[in-house]
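The letter at position 137 of the sequence shown is residue 146 when you use the working numbering, and the numbering goes up by one with no holes. Glycine included, C-beta positions come from ideal geometry on N, C-alpha and C. If you're wondering where the values come from, they're calculated on a predicted model, not measured in any experiment. See below for the structure under consideration.
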Amino acid sequence: MSRVLKPGATLGVLGSGQLGRMFAIEARKMGYRVHTFSPASDTPTGQVADVEIDAGYDDLDAIRTFARGVDVITFEFENVSTAATDAAAEIVPVRPSGHALHVTQQRAREKSFLALKGFPVTAHESVASLEELTAAVSRVGLPAILKTASFGYDGKGQHRITSEADVDTVWGLIGHQPAVLERVVDFTMEFSVVAARGLDGGFVHYGAIENQHRHHILDLSIAPARMPQAAIDEAVRVTHAIMDELAYVGVLAVEFFLARDGRVLVNEIAPRPHNSGHLTFDACVTSQFEQQVRAICGLPLGVATLLRPAAMANLLGDVWAGGEPNWAAALEVPGVKLHLYGKSDPRPGRKMGHLTALADTVDDAVARVLAARAALGS
Ligand code: AMP
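What follows is the structure, given as structure tokens:
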């Protein structure tokens with residue numbers, strides 16, 4: 010029997026945000042049907058899917074019913090429980106697997122996996138009490154960052170410890186819950202490698218994408234990253250090895266630090282398409298979302314070549330602070346593309362959309378995307 014899910018098949022997505030939306034756009038372009046499942050309606054994914062199911066992730070009967078209506082299930086955010094993916098997997102393939110999700114959805118587990126398998130990470134320790142934290146601080150060293158073990162993303166649930174006097178306060182700030190203490194990395198750049206692995210073990214990657222954050226949220230992504238080729242090669246090697254280790258099927262992003270001493274260190278793994286890969290939509294032969302469709306359907310992966318230097322700027326709800334943004338002014342900048350996710354409530358810090366700019370050089374792409382974003386306020 011062929012393992013390929015041909016166009017016309019139905020792809021199920023757990024989660025309904027912008028990642029699911031862009032996945033659904035690519036899937037529908039290729040003639041697939043898309044069903045989405047989340048505890049909400051009129052969602053970014055639901056607006057472009059064929060079917061939108063509004064139910065909770067802990068409603069395993071609803072998950073099973075959803076699974077019976079699709080040919081394969083994927084997820085677009087990592088806080089889906091493995092109970093949900095296990096229930097789905099009784100009925101249809103889940104790609105990436107529940108195992109890959111389990112390892113990567115919890116910081117402490119992910120860090121232990123990386124360290125155990127010999128991947129490069131900063132010094133760290135898992136802690137579950139104030140006493141353990143105090144002892145860990147002396148071994149890991151300062152400055153350090155304390156991160157909650159679970160449900161952390163975009164810098165949520167993490168606090169810096171610069172002196173031993175901070176330990177008590179920071180333990181209180183994260184709510185006395187299991188956490189990971191990490192030595193602060195002295196880095197010159199943050200970057201990511203977005204890659205896909207197929208059912209047959211095939212591997213493609215988008216090279217290194219440079220990432221700049223503001224208030225711990227991704228602000229700008231730039232491709233190709235302006236860093237030494239040897240460090241890029243090492244990061245790609247590490248990404249490939251992580252995917253092989255997890256027998257991964259689908260798209261994954263590894264976020265890295267480029268340390269001042271030239272080493273590359275893994276910060277975290279996202280078991281899904283990634284915000285830094287949004288520029289692949291406009292700038293690459295095959296986008297990360299098409300790659301996800303291909304991988305989970307057992308199709309050959311696409312060529313990942315970057316067609317032109319590109320930069321992506323996130324549009325947070327803050328952009329709406331002065332009223333409706335001036336879209337026309339932004340789109341007057343040459344080479345700029347607008348993506349909005351169909352969200353109606355532009356709360357500060359909420360990812361509402363992004364701009365991508367293409368140009369002949371990386372520096373021009375950055376200048377264009379920044380000019381376009383600035384023009385939104387004009
Ligand atoms: P995270 O939610 O773990 O991705 O962290 C969000 C951001 O905090 C990262 O993108 C970095 O800018 C910063 N950060 C996290 N961990 C470290 C670390 N060990 N050393 C230096 N900066 C860090």
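Assigned secondary structure, residue i (DSSP; H/G/I helix, E/B strand, else coil)
{"i": "Arg382", "result": "helix"}
{"i": "Asp63", "result": "strand"}
{"i": "Lys126", "result": "coil"}
{"i": "Ile82", "result": "strand"}
{"i": "Arg37", "result": "helix"}
{"i": "Ala97", "result": "helix"}
{"i": "Asp195", "result": "coil"}
{"i": "Val263", "result": "strand"}
{"i": "Gly21", "result": "strand"}
{"i": "Ala256", "result": "coil"}
{"i": "Ser121", "result": "helix"}
{"i": "Thr132", "result": "In the sequence as presented, Thr is not what sits at residue 132; that position holds Ala. Residue state, collapsed to three classes: coil."}
{"i": "Met31", "result": "helix"}
{"i": "Asp228", "result": "strand"}
{"i": "Gly216", "result": "strand"}
Nearest candidate by alpha-carbon position, reference residue i, set the options
{"i": "Leu267", "options": "Ile278, Ala292, Glu299 and Ala234", "result": "Ala234"}
{"i": "Asn220", "options": "Ala374, Ile241 and Ser201", "result": "Ser201"}
{"i": "Ser230", "options": "Val260, Asp270, Asn284 and Phe265", "result": "Asn284"}
{"i": "Tyr350", "options": "Phe32, Thr19, Thr131 and Lys15", "result": "Phe32"}
{"i": "Arg192", "options": "Leu155, Thr289, Gly184 and Gly166", "result": "Leu155"}
{"i": "Leu190", "options": "Leu142, Asp95, Glu99 and Ile305", "result": "Leu142"}
Straight-line gap, residue i to residue j (C-alpha atoms, nearest Å)
{"i": "Pro343", "j": "Leu315", "result": "18 Å"}
{"i": "Ala339", "j": "Leu324", "result": "12 Å"}
{"i": "Thr74", "j": "Ala64", "result": "11 Å"}
{"i": "Glu87", "j": "Arg118", "result": "13 Å"}
{"i": "Arg169", "j": "Ala144", "result": "16 Å"}
{"i": "Gly17", "j": "Gly40", "result": "6 Å"}
{"i": "Lys346", "j": "Ala320", "result": "11 Å"}
{"i": "Arg77", "j": "His108", "result": "21 Å"}
{"i": "Asp372", "j": "Leu379", "result": "11 Å"}
{"i": "Asp51", "j": "Glu61", "result": "8 Å"}
{"i": "Leu139", "j": "Asp253", "result": "37 Å"}
{"i": "Gly59", "j": "Ser353", "result": "It is Asp, not Gly, that sits at residue 59 in the sequence shown. Using only the alpha carbons, I get a separation of about 20 Å."}
Supposed close pair residue i, residue j - CB separation, criterion 8 Å
{"i": "Asp291", "j": "Leu367", "result": "6 Å"}
{"i": "Val89", "j": "Leu110", "result": "7 Å"}
Beta carbon proximity, residue i to chain D, threshold 9 Å
{"i": "Val202", "result": "In summary, chain D is missing from the structure at hand, where a single protein chain is found."}
Pair within 9 Å by beta-carbon distance, residue i and residue j
{"i": "Val247", "j": "Phe128", "result": "yes"}
{"i": "Ile218", "j": "Ile251", "result": "no"}
{"i": "Gly259", "j": "Arg281", "result": "yes"}
{"i": "Met3", "j": "Trp329", "result": "Lying outside 10 to 387, the shown extent of the chain, residue 3 is not represented and no answer is given."}
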